[in-house]
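**Student:** So the sequences go chain by chain: Z and F.
Heads up, the first sequence stops at 102 in my numbering, and the numbers go up one at a time, no gaps.
Heads up, the second sequence stops at 115 in my numbering, and the numbers go up one at a time, no gaps.
The C-beta atom is built at its ideal place from N, Cα and C for all residues, glycine as well.
Below are the structure tokens for one structure; questions will follow.
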Amino acid sequence: DGGITQSPKYLFRKEGQNVTLSCEQNLNHDAMYWYRQDPGQGLRLIYYSQIVNDFQKGDIAEGYSVSREKKESFPLTVTSAQKNPTAFYLCASSRDYQTRGQFFGPGTRLTVL
Amino acid sequence: QKEVEQNSGPLSVPEGAIASLNCTYSDRGSQSFFWYRQYSGKSPELIMFIYSNGDKEDGRFTAQLNKASQYVSLLIRDSQPSDSATYLCAVMESGGYNKLIFGAGTRLAVHP
């Protein structure tokens, strides 16, 4: 089955620790995205990548980093510099910029203790 | 700052009724519009997209677009309790690389 996978589903982190969230897709999509969702709010774009080895900051990139070494993979690192990292993190992909929408993985719920 | 506005709800409708969800956007150059359904604790699921003014129907769903008024709506006919979810409106930013701007969502509750 084609799709987007994210792991882990739940993640707990102590303050001051960096954590990496995994996102993998086998849809052969060129573009991948990371969003953050807080309760009662819409999705906010963290980073996006249109092609391998290239990515751009979204609206709330501070405290986050990404890499795109393979077309299938777009991991997100939440660093200790992120002031309020507790949130629901969503990875998405789309075929290209002429897409008919972005498709989401199941998400990772990060809680900072 | 480009924005997408939705009434947060909850919008409560009886089973079998038509649910009408509305969305306005500020980016006048936007050309592509999307509706996502999100169940509590789950990720968004794409249910409709529309590019042209007018109506687009898919099963019980109808998306309506009026670019002059910068207004998008989603109608759900014969609403079912399983339609109870948050509906997110998303607008593709003009001049961007498939960047979507999301509204905060409208929570729909369909009661038997």
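#1: Cα-Cα, which of Z:LEU79, Z:SER83 and Z:ASN73 is closest to GLU4 of chain Z?
#2: Would you give the residue range spanned by the beta strand (DSSP E) that THR75 of chain Z belongs to?
#3: Cα-Cα, which of F:VAL7, F:GLN9 and F:SER23 is closest to ASP81 of chain F?
#4: Please report the distance separating the alpha-carbon of THR27 of chain F from that of SER56 of chain Z.
#5: Against PHE63 of chain Z, what residues of chain F qualify as contacts under a CB-to-CB distance less than 9 Å, listed in chain order?
#6: Please state whether DSSP places PRO2 of chain F in a helix, a strand or coil.
#7: Quick check: the Cα distance between LEU102 of chain Z and THR66 of chain Z, rounded to an integer number of angstroms?
#8: Any idea if TYR90 of chain F is buried or exposed, counting beta-carbon neighbours within 10 angstroms, 16 or more meaning buried?
#9: Within 9 Å of any Cβ in chain F, is that where the Cβ of PHE92 of chain Z sits?
#10: Could you compute how far the alpha carbon of GLN30 of chain Z sits from the alpha carbon of THR(-6) of chain Z?
**Tutor:** With the given structure in hand:
#1: Z:ASN73
#2: Counting along the chain, THR75 of chain Z falls outside any beta strand (DSSP E), and DSSP gives it neither H nor E.
#3: F:SER23
#4: 34 Å
#5: Ordered by position in chain F, no residue passes the 9 Å Cβ test against PHE63 of chain Z, which lies about 14 Å from the chain.
#6: Outside the displayed span of chain F (4 to 115) sits residue 2 of chain F, for which this structure offers no information.
#7: 17 Å
#8: buried
#9: yes
#10: 23 Å
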